[in-house]
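What follows is a short report on a single structure.
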Amino acid sequence: MLRGFPNIRFVYMVVIALAVTTFVISCKGEERTDPIDLSKVPVQSVENMNAVQTKDGLLQMRMEAKLLQRFKNDDQSYELFPDGFDVYAYNEEGALETHIKSDMAKHTTTGEGNKKVEKWEAFGNVVISNFIKGERLETDTLYWDREKGRIYTHCFVKMFTPQGFMQGYELESDERARNANILRPFDSYGIISNDSTDIYIDTVNFIGPQRK
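The sequence shown begins at 0 in numbering that gives the first Met the number 0 and counts up one residue at a time.
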């Protein structure tokens, strides 16, 4: 009955050898994890962001976003709004004048001090509404030059006004869309009214007739 023990010992040694070999092979076969690029990791995240800008006690601008992510590297820093944002601009009397919204936005800052340069970009279903004039602009991409106080795009633009409809490529305007201009329009039309008493009412800021 003892004659079987040497075979058992041999089998045991083979099992150990196979286990060691399998362990070595499995260790060599593990994929290496790529190093993390810290420039692509947000240094700050803010949910349900709400920022305001005032001057002499009057509200000038308000911004809302579901999520803000701030990134920073050696050359530049930028804020990303992956879920889009809403920007509200008010006129000199404090009435809501302009609303800009988009599916996504980005704010980039380069340089420092007097050499600092800001760039705002809005992407995807960009809608610019001027409530006082009753105008609405629709495009895919919009840029805001804060220093010059202008907005512009090179993309296709639709413009709806009380006077008619315009469409074309390339848009330039002041930042409140008071004087929007499509540089390359096509297939546009106007609305002709026989009633000279037709007026446009700002339904956003209209509060109704005052009681005497």
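Cβ atoms here follow ideal geometry from the backbone N, Cα and C, with glycine treated the same way.
Inter-residue CB distance, residue i and residue j (contact presumed, cutoff 8 angstroms)
i, j, result
"Met62", "Val45", "Met62 to Val45, Cβ: 12 angstroms. No contact."
"Asn90", "Ile150", "16 angstroms between Cβ atoms; not a contact."
"Glu134", "Lys157", "Between Lys157 and Glu134 the Cβ distance is about 11 angstroms, and since that is not below 8 angstroms, they are no contact."
"Asn124", "Arg177", "At roughly 22 angstroms, the Cβ-Cβ gap does not stay under 8 angstroms, so Asn124 and Arg177 are not in contact."
"Gln52", "Gln59", "5 angstroms"
Proximity of residue i and residue j at Cβ, strictly below 8 angstroms
i, j, result
"Glu169", "Arg183", "yes"
"Ser101", "Phe122", "yes"
"Arg175", "Glu92", "no"
"Tyr142", "Glu120", "yes"
"Phe164", "Asp139", "no"
Selection from the options that minimises the alpha carbon distance to residue i
i, options, result
"Gln162", "Val156, Lys147, Ser187, Ile150", "Ser187"
"Asn72", "Asp55, Asn49, Pro41, Gly83", "Pro41"
"Asp82", "Met48, Lys54, Gln43, Phe159", "Met48"
"Leu66", "Met103, Gly112, Ala94", "Met103"
"Ala94", "Ala64, Leu57, Asp74", "Leu57"
"Lys39", "Ala64, Gly167, Gln68, Ala50", "Gln68"
"Phe159", "Asp55, Ile127, Glu146, Ala88", "Ile127"
"Gln166", "Asp173, Lys147, Gly189, Glu146", "Gly189"
"Phe84", "Ala50, Gly112, Asn113, Phe185", "Ala50"
Exercise for the section: Flag this pair as touching only if the region 99–116 and the region 71–79 have three or more C-beta atom pairs under 8 angstroms; answer yes or no. Expected result: Cβ pair count under 8 angstroms is three or more, so yes.
Handout entry: beta strand (DSSP E) runs contained entirely in the region 109–152, provided each spans 3 or more residues
Key = Within the region 109–152, the complete beta strand (DSSP E) runs of at least 3 residues are 116–129, 134–144.
Problem - Secondary structure, beta strand (DSSP E): runs of 3+ residues fully inside the region 41–88 - result: 43–54, 57–71, 75–80
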